[in-house]
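Undergrad: Okay, so the sequence shown: first residue is 2 according to the numbering used here, each after it adds one. Ideal Cβ positions, reconstructed from N, Cα and C, are used throughout, including at glycine.
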Amino acid sequence: MKVLFYCQHVLGLGHFMRSLEIMRALAPDEVVLASGGPPVPVGLPPHVREVRLPALEMDPAFTRLSATDGGGLDEVKAARRETLFRLFDDVRPDVFFVELYPFGRKAFEFELLPVLRAAREGRFGPVRVVCGLRDILVEKTDREGYEARVLSRLNASFDLLAIHADPALFPLEATFSRAADIAVPVRYTGYVAPGVVPARDRSPASDARVRQRLSVGPGRRLIVASAGGGRVGGEVLAAVACALARPEAAALGPVSLRVFSGPYAPDEEFAALEAAVAVLPDARVARFDADFPAVLRAADLSVSLAGYNTVMAVLAAGVRALVRPFDQNREQRLRASRLEHMGLVGLLEPDDLEPARLFSRMARLLGGDPPPPAAVRLDGAAESARLLREAAGRG
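#1: Do Leu-21 and Val-43 have their C-beta atoms within less than 8 Å of each other?
#2: Could you check what DSSP says for Ser-1 in three-state terms: helix, strand or coil?
#3: How would you label His-16, buried or exposed, when you count the other beta carbons within 10 angstroms and need 16 or more for buried?
#4: Is the separation between the beta-carbon of Val-130 and that of Leu-138 shorter than 8 Å?
#5: With DSSP run on the structure shown, which of helix, strand or coil describes Val-315?
#6: Under the assumption that Leu-238 contacts Leu-281 (Cβ atoms under 8 Å), give the Cβ distance between them as a whole number of angstroms.
#7: Report the start-end ranges of each alpha helix (DSSP H) in the stretch 6-83 that is 4 residues or longer and not cut off at the edges.
#8: Starting from Tyr-189, trace the beta strand (DSSP E) in both directions and tell me its first and last residue.
#9: Report the start-end ranges of each alpha helix (DSSP H) in the stretch 255-303 that is 4 residues or longer and not cut off at the edges.
#10: Helix, strand or coil, according to DSSP, for Leu-161 in the structure here?
#11: In the DSSP output, which residue or residues are listed as bridge partners for Gly-347?
#12: Nearest CA to the CA of Glu-145: which residue from Val-128, Ser-178, Pro-115, Leu-162?
#13: Which residue marks the beginning of the alpha helix (DSSP H) containing Gly-235, and which one marks its end?
#14: What's the C-alpha gap between Val-33 and Val-49?
#15: If you draw a straight line from the alpha carbon of Gly-254 to that of Arg-378, how long is it in whole angstroms?
#16: Please determine whether the Cβ atom of Thr-311 lies at a distance below 7 Å from any heavy atom of the ligand MN.
#17: Since I believe Arg-288 is in contact with Phe-327 (beta carbons under 8 Å), could you give me their beta-carbon distance rounded to a whole number of angstroms?
#18: Look at Leu-354 and Thr-190 and say whether their C-beta atoms are less than 8 Å apart.
#19: Does the separation of the CB atoms of Leu-161 and Pro-186 fall below 8 Å?
#20: Determine contact between the stretch 358-377 and the stretch 311-319, defined as no fewer than three beta-carbon pairs at a distance below 8 Å.
#21: When the Cα of Ala-175 is compared with those of Arg-395, Leu-335, Gly-105, Gly-13, which residue comes out closest?
#22: According to the neighbour-count rule (16 or more other Cβ atoms, all chains shown, within 10 Å of its Cβ), is Asp-136 buried or exposed?
#23: Since Ala-35 and Leu-5 should fall inside the 8 Å C-beta cutoff, what is the C-beta to C-beta distance between them, to a whole number of angstroms?
#24: According to DSSP, Lys-3 sits in a beta bridge with which residue or residues?
#25: Determine the contact status of Ala-357 and Arg-247, defining contact as a CB-CB distance below 8 Å.
#26: Please report the Cβ distance between Leu-258 and Ala-228, rounded to the nearest whole angstrom; I am assuming they are in contact, meaning their Cβ atoms lie under 8 Å.
The following block contains the structure:
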């Protein structure tokens, strides 16, 4: 089976990292990844070949597209369309997997609509078109118009909708009122969690190796603070450093803090974090860790933003966790609130970032029991791969 994967991340890492987990699960099938966001500092599996489209980004308000290299927008759009058509002609995929669209990425219809139309007309031979969608959709000012447009695109151009969620937590109709009008098959894959390791394969020795790699000495508590891609969330990381600088932090015993700012964190913010942790006895700042799920498994506490990928990695690791939703839209807060109700994470409000309050929340978690096993489906990568093979007639 040959799969052509389309993934366009515009702000953080979530869409890319979720796609990466699914692509890993597709081994040994041939996968070609068409990616159009900023580079991500992670290696790809040997069965995956990446073809980079000229990079486009959205501004933080998601209102305007711009070329990352500063080139002309029209020229970049034309080059991307040409690259996508050439990829289809060269690869002749059995499956075209499109991350998020048509539920999002309307700004990229300039390239997606023409290639989807050509695929439907049979220009590239028989190809099944699949939309991969996360659990919660962002709110829209014109919901009726938005849902009508999504349905027209989905029903006309796609063969399957694969929702990376557990319907026991969030069914599609919770944030898409016209789910019953979807004409193509709808399948729930479970959540796509990075680094899922069966309990039988986990051991203190593997966690010890991770701690050694991070230079965390024996007998120390490991606290991990992270902000996903790093374009937002720096205030959470700074708050953790300030909380651990308080005199009462000595009552926690020896603590090692490892901060991951995200690869897209501004240089000045990264430098400020380095200065903030310099007063702590054992604290380091890095932009990224390629095996972040293993870091979480080895940690005693995680404090982070509440993005889909980070939260699912937290659940897979079974680590105590505090999460701060990015409140530009409802997605992260809805998910985090539900998981807090289940006793799986603690939710941080803006006032909780005050150093004394944050320290109190952290100390309480460290002094309590680990969270219960997550009663949430986390097998979304494997199930997504199975569905794609089934769609291609290889299941």
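TA: By the coordinates alone:
#1: Yes. Within cutoff.
#2: Shown here, the chain extends from 2 to 396; a query on residue 1 therefore has no answer.
#3: So His-16 counts as buried.
#4: No.
#5: In the structure shown, Val-315 sits in a helix (DSSP, three-state: H, G or I).
#6: That pair is no contact at about 13 Å.
#7: DSSP runs (the alpha helix (DSSP H)) wholly in the stretch 6-83: 15-26.
#8: From DSSP, the beta strand (DSSP E) with Tyr-189 extends over 187-189.
#9: Within the stretch 255-303, complete alpha helix (DSSP H) segments of at least 4 residues are found at 268-278, 293-299, given in chain order.
#10: The answer is strand: DSSP assigns Leu-161 an E or B state.
#11: Per DSSP, the beta bridge partners of Gly-347 are Leu-323.
#12: Minimum Cα distance to Glu-145 is reached at Ser-178.
#13: Unbroken alpha helix (DSSP H) run through Gly-235: 235-245.
#14: For Val-33 and Val-49, the distance between alpha carbons rounds to 6 Å.
#15: Between Gly-254 and Arg-378, the alpha-carbon positions lie close to 36 Å from each other.
#16: What this structure holds is no ligand at all, so the ligand MN is not there to describe.
#17: Incorrect: roughly 19 Å between the Cβ atoms, too far for contact.
#18: It is not a contact, given that the beta carbons lie outside the stated cut-off.
#19: In terms of Cβ geometry, Leu-161 and Pro-186 form a close pair [threshold 8 Å].
#20: Yes, they touch.
#21: The candidate whose alpha carbon is nearest that of Ala-175 is Leu-335.
#22: So Asp-136 counts as buried.
#23: Beta-carbon to beta-carbon, Ala-35 and Leu-5 are separated by about 7 Å, close enough to satisfy the 8 Å threshold.
#24: Residue pairing by DSSP places Lys-3 opposite Glu-31 in a beta bridge.
#25: The answer is yes: Cβ separation under 8 Å.
#26: Between Leu-258 and Ala-228 the beta-carbon gap is near 14 Å, outside 8 Å, which marks them as no contact.
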